[in-house]
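**Q** Quick one: the structure is below, and I'll ask about it shortly.
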Amino acid sequence: MTSDMATKTPVTPRRSVVETGKRALWRGVRRWESALVVVLIGALIFGSSERPNFLSPMNFFYTGLNMGEIAIMALPLTLIIMTGEIDLSVASMLGLSGTVMGVLFSNGWPIWLAMAAALVVGALGGTLNGVLVAKVGLPSIAVTIGTLTLFRGIAVILLAPRTITGFPLSLTKIGVVPIQGTQLAYSTAIFLVMAVVAGVVLHATPLGRALVAIGLQPEAAQFAGIRVNRIKIWLYVVSGVVCAFAGILLTLKNSSVSYDAGTGLELNVVAIVLFGGVSIFGGRGTVIGVVLAVAIVGALQQALTQMNVQPEVQNIVIGVLLLISVVIPNSGEAIRRIRDRARRHASTPSPRNSPNA
Amino acid sequence: MSVITAPAPAPTDRPVSRLESLLRARELGIALAIIVVFGLTTLNNHAFAHAASIQQLLNGAALIALLGVGETLVIVTRNVDLSVGSVVGLSAYIIGDLFKHNHDMSVVLGFVIAIAVGAAIGAINGLVTTVARVPSLVVTLAMLYIVRGFDGVIVNGKTIDPDSIPTAFTAVGYRTLFGIPWLAIIVAVVVAAVGYAMRSFRSSRDLYAIGSNPDAAELAGIPAGRRVFTAFLISGALAGLAGALFLALHAQIDVSGGSGYELTVVAAVVVGGVAIFGGSGTVLGAALGAVLLNTINQALVASKVSSFWNGAIAGGLLLAAIAFDRWLSLRVARSLQSAEGAHRDL
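Protein chains in written order, with the working numbering: chain A, 663 to 1019; chain B, 2 to 347.
Structure below.
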């Protein structure tokens, strides 16, 4: 995955020359992505020094397998956060979709039909989110905490306390073997294809520019003729369907599903997107950054797990990375501000007793 | 949801009557909802109104209500604190571990340490958010992981069991005064004290100003950084207190204590009428929101509706609550435009 990333990164700076107006912005983004590449290399070196076989194809396969669903859910969330909204219901939708698929399958539905039904549920759930956010005008953080509880609640009604197993082996093999002839897990391959699609949409289409515009200044975007509400609704629908798809993958991978599949993953997904350099206020971020963030978190988790570090303790690494990812880009400005303030205090006391917002 | 709509200066001489402002208060609506749910459930199952059942109801809501108070202070300033669940877990485990090794440590000291742990984490949240000017959602999300990870290092797979905790401490979790659980009394005192401060103190009103319009607040000379820092500090301290109460209530703690509380607390606060984008809402509303959510949960159990329905109904209710809030604020904005220029929090 590393070489792939290294070849892709220079795309961003080249674009920055074209978009002269946004040059400063792009330069900042570029710098963050270079930092991510450095961190990724560091993580790989760290892993290899701890475990000699760290860079083995087998390890790559398992890392991809572990990160697959989170990584896939991070892509539509990236687009949503780009517009300044958020979707916290992703992991509940993953659980609900797996549940729907499992329940229908255990009731004798053909597996393909059960999977299609799960995707429809994803679309419906996404529509609910989108309509409440864009049409009714409710804050997305509140709406999606509501649907987080709602979707999981429906999964509980449908399935708890059972666990459904016995999915066809021809499909559950995606959790055991890589794609024939490669060391790529199916979910990794799907993620990479989807990442390319998301990257092209965000960085090379009018729709992508519209997403950035909505994130930077929703009203201006509206006046510029961008159909803000319609785009937002569709983003949530896409998020619902993609998360439902991730639920199908997880169910097949585990070859079983229970109502609590993926509980609590929503904040992991948000953390990865933000660590990838996407601004929580919208309008800034790249898909490459998110892909790099996925790779870094995956590599670190794999390394720490092989070193027998408990999962709870691994949280420290993710948390510190996330904190650094927002503090470092802001630190220069913060230091300048503090110095200004000290200088002003030293000379004349300003009428505004604190410049700190 | 936040009522930033500037009301048109329509001249009026009609003062807002006491009754009218009471009826408009969001808290009354939630209180009525609690009474309706409680009444209907009691009609169905008389045992629901028994003392033991009500005590269970209050105990169940107490921790979320307490966390809701701190969360309200933070959300009112247009920030959010997602680290509270991890703080509950860490502070509870730290004092549990201390009790285990010094069985005669005083109960008060236990509470003080828990609050101090929470306050320290709140101070980090506040410092990073205000000094580096970083979005609090990201900072506190990072702290959620860091604190839980730190908790994992300390816990190291162990569990503190009831034998390790002095009975004088666990008594706080089960004793009652005139039939009211101590836990509920402690939380009620906090709600009353912070609620009074939020109504009456100038520094607390600053929080609303910051949340309504951060730029305007700064221009008006409000020390916004200091105020936001204080809000995070208090939220952390209250989360530490909630950790101590968690340990007193459950009498045991492992690495998972309090995990997932953060979103429940935000949900309760939003149901309680606190605008997620800041500027309006009361701690009483937030506490009542926690009580309402818990009353519904317990009512489902008492009505012999399978507890499996809890989540779906709670989620539906939350969506209904924010939709209702939106409708209410639009209505109030309209009526303010036509009637009076007075601006109040809703």
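The beta-carbon is built from N, C-alpha and C at its ideal position, and this holds for glycine as well.
For P738 of chain A, name the three-state secondary structure that DSSP assigns.
**A** One-based indexing of the first sequence puts residue 738 of chain A at position 76. P738 of chain A falls in the helix class under three-state DSSP.
**Q** Would you say V129 of chain B reaches chain A, if we count a Cβ-Cβ gap shorter than 8 Å as a contact?
**A** Counted from its first residue, the second sequence places residue 129 of chain B at position 128. Yes - at least one Cβ of chain A is within 8 Å of the one on V129 of chain B.
**Q** Using only the alpha-carbon positions, how far apart do A48 of chain B and T42 of chain B sit?
**A** Numbered from 1 along the second sequence, position 47 holds the residue referred to as residue 48 of chain B. Numbered from 1 along the second sequence, position 41 holds the residue referred to as residue 42 of chain B. Each residue's alpha carbon lies about 9 Å from the other.
**Q** How would you label P8 of chain B, buried or exposed, when you count the other beta carbons within 10 angstroms and need 16 or more for buried?
**A** Position 7 of the second sequence, counted from the start, is the residue given in the question as residue 8 of chain B. Below a pLDDT of 50, predicted positions are generally treated as unreliable, and P8 of chain B, at 44, falls in that range; no measurement from the model is reported.
**Q** To the nearest angstrom, how far is it from the Cα of L331 of chain B to the Cα of A324 of chain B?
**A** Position 330 of the second sequence holds residue 331 of chain B. Position 323 of the second sequence holds residue 324 of chain B. Whole-angstrom Cα-Cα distance: 11 Å.
**Q** Could you check which residue in B:V191, B:G317, B:P136, B:A303 has the C-alpha nearest to that of I76 of chain B?
**A** Residue mapping note: residue 76 of chain B aligns to position 75 of the second sequence, counting from 1. For I76 of chain B, the closest C-alpha among the options B:V191, B:G317, B:P136, B:A303 is that of B:P136.
**Q** Report the start-end ranges of each beta strand (DSSP E) in the segment 858-921 of chain A that is 3 residues or longer and not cut off at the edges.
**A** 918-920
**Q** Going by the CB atoms, is the gap between L833 of chain A and I742 of chain A shorter than 8 Å?
**A** Locating residue 742 of chain A in the first sequence gives position 80, counting from the first residue. Locating residue 833 of chain A in the first sequence gives position 171, counting from the first residue. No, they are not a contact pair.
**Q** With a Cβ-Cβ cutoff of 8 Å, do T1023 of chain A and G784 of chain A count as a contact?
**A** The question about residue 1023 of chain A has no answer here: the residues shown for chain A are numbered 663 through 1019.
**Q** Starting from T296 of chain B, follow the beta strand (DSSP E) in both directions and report where the run begins and ends.
**A** As a working note, residue 296 of chain B is residue 295 in the second sequence. First-last for T296 of chain B: 284-303, but that is the alpha helix (DSSP H), not the beta strand (DSSP E).
**Q** Quick check: the segment 183-197 of chain B against the segment 84-104 of chain B, are at least 3 beta-carbon pairs closer than 8 Å?
**A** Flag = no, the segment 84-104 of chain B and the segment 183-197 of chain B do not touch.
**Q** In this structure, how does DSSP classify I181 of chain B when only helix, strand and coil are distinguished?
**A** Here residue 181 of chain B corresponds to residue number 180 of the second sequence, with the count starting at 1. The three-state secondary structure of I181 of chain B, taken from DSSP, is strand.
**Q** List the residues that DSSP assigns as beta-bridge partners of I826 of chain A.
**A** As a first step, residue 826 of chain A is located in the first sequence; it is residue number 164 there, counting from the start. DSSP, once it has assigned bridges, lists A:V919 as partnering I826 of chain A.
**Q** Helix or strand or just coil, what does DSSP make of I254 of chain B?
**A** To locate residue 254 of chain B, count along the second sequence from 1; it is residue 253. It is a strand residue.
**Q** Just to confirm, are T948 of chain A and G939 of chain A a CB contact at a threshold of 8 Å?
**A** Sequence index remark: in the first sequence, residue 948 of chain A carries index 286 (1-based). Sequence index remark: in the first sequence, residue 939 of chain A carries index 277 (1-based). Yes, the pair counts as a contact, with Cβ atoms nearer than the cut-off.
**Q** Name, going along the chain, the residues of the segment 988-1001 of chain A whose beta-carbon falls closer than 7 Å to a beta-carbon of chain B.
**A** V988, V989, N992, S993, A996
**Q** Tell me the rounded alpha-carbon separation between I895 of chain A and D749 of chain A.
**A** Translated into the one-based positions of the first sequence, residue 895 of chain A becomes position 233. Translated into the one-based positions of the first sequence, residue 749 of chain A becomes position 87. Whole-angstrom Cα-Cα distance: 12 Å.
**Q** Which one of B:M144, B:A34, B:V81, B:G282 has the shortest CA to CA distance from A358 of chain B?
**A** As shown, chain B starts at 2 and ends at 347. That puts residue 358 of chain B outside it, with no answer to give.
**Q** Does the beta carbon of A313 of chain B come closer than 8 Å to any beta carbon on chain A?
**A** As a working mapping, residue 313 of chain B is identified with position 312 in the second sequence. Taking Cβ atoms only, chain A reaches closer than 8 Å to A313 of chain B, which makes this a yes.
**Q** So G290 of chain B and V267 of chain B are supposed to be a Cβ contact under 8 Å. How far apart are they, rounded?
**A** Start at 1 with the first residue of the second sequence, and residue 290 of chain B comes out as number 289. Start at 1 with the first residue of the second sequence, and residue 267 of chain B comes out as number 266. Contact doesn't hold; Cβ gap of about 10 Å is too wide.
**Q** In whole angstroms, what separates the C-alpha of I297 of chain B from that of D326 of chain B?
**A** Taking the first residue of the second sequence as 1, we reach residue 297 of chain B at position 296. Taking the first residue of the second sequence as 1, we reach residue 326 of chain B at position 325. When rounded, the distance between both Cα atoms is 19 Å.
**Q** Report the option in A:I807, A:M856, A:V919, A:A883 whose CA atom is closest to the CA atom of G317 of chain B.
**A** As a first step, residue 317 of chain B must be located in the second sequence, where it is residue number 316. With distances taken between Cα atoms, G317 of chain B lies closest to A:I807.
**Q** Under 8 Å, Cβ to Cβ, is there at least one residue of chain B near Q963 of chain A?
**A** In the first sequence, counting from the first residue as 1, residue 963 of chain A sits at position 301. Closer than 8 Å: no.
**Q** May I ask you to report which of helix, strand or coil DSSP gives I122 of chain B?
**A** On the second sequence, residue 122 of chain B is found 121 positions in, with the first residue counted as 1. Here I122 of chain B sits in helix by DSSP.
**Q** For a contact defined as C-beta to C-beta under 8 Å, what are the partners of I147 of chain B on chain A?
**A** The residue labelled residue 147 of chain B in the question sits at position 146 within the second sequence. Per Cβ cutoff of 8 Å: N977, I978, G981, V982, L985.
**Q** Quick one: is Q604 of chain A near chain B, going by C-beta distance under 8 Å?
**A** There is no way to answer for residue 604 of chain A, as the model of chain A reaches only from 663 to 1019.
**Q** Would you say P801 of chain A lies against chain B (beta-carbon separation less than 8 Å)?
**A** Along the first sequence, read from residue 1 onward, the residue named residue 801 of chain A stands at position 139. So, interface residue.
**Q** In terms of alpha-carbon separation, which member of A:G944, A:V890, A:P840, A:L854 lies closest to L739 of chain A?
**A** Working through the first sequence from its first residue, we reach residue 739 of chain A at position 77. Residue A:G944 is the option with its Cα nearest to L739 of chain A.
**Q** Output needed for G960 of chain A: all residues of its chain with C-beta closer than 6 Å, excluding positions within five of it in sequence on either side, in chain order.
**A** Translated into positions along the first sequence, residue 960 of chain A becomes position 298. Closer than 6 Å at the Cβ level, and outside the excluded window around G960 of chain A, lie T725, M729.
**Q** Any C-beta of chain A sitting closer than 8 Å to the C-beta of D152 of chain B?
**A** The residue given as residue 152 of chain B occupies position 151 in the second sequence. Output row for D152 of chain B: interface = yes.
**Q** Determine the contact status of L698 of chain A and L954 of chain A, defining contact as a CB-CB distance below 8 Å.
**A** Start at 1 with the first residue of the first sequence, and residue 698 of chain A comes out as number 36. Start at 1 with the first residue of the first sequence, and residue 954 of chain A comes out as number 292. Yes, Cβ-Cβ distance for L698 of chain A and L954 of chain A is below 8 Å.
**Q** With 9 Å as the limit, tell me which residues of the segment 248-267 of chain B have their beta carbon closer than that to any beta carbon of chain A; keep them in chain order.
**A** In summary, the residues of the segment 248-267 of chain B whose CB is separated from some CB of chain A by less than 9 Å are V256, S257, S260, G261, E263, L264, T265, V267, in the order they occur in the chain.
**Q** What residues from the segment 104-138 of chain B come within 9 Å of chain A, judged by C-beta to C-beta, listed N to C?
**A** V129, T131, V132, A133, R134, V135, P136, L138
**Q** Determine, using beta-carbon pairs with one atom in the segment 754-761 of chain A and one in the segment 904-912 of chain A, whether at least three such pairs fall under 8 Å.
**A** yes
**Q** Any idea what DSSP makes of I807 of chain A, helix, strand or coil?
**A** One-based indexing of the first sequence puts residue 807 of chain A at position 145. Here I807 of chain A sits in helix by DSSP.
**Q** Alpha helix (DSSP H) containing W310 of chain B: first to last residue?
**A** Here residue 310 of chain B refers to the residue found at position 309 of the second sequence. Premise fails: W310 of chain B is in no alpha helix (DSSP H) and is neither H nor E.
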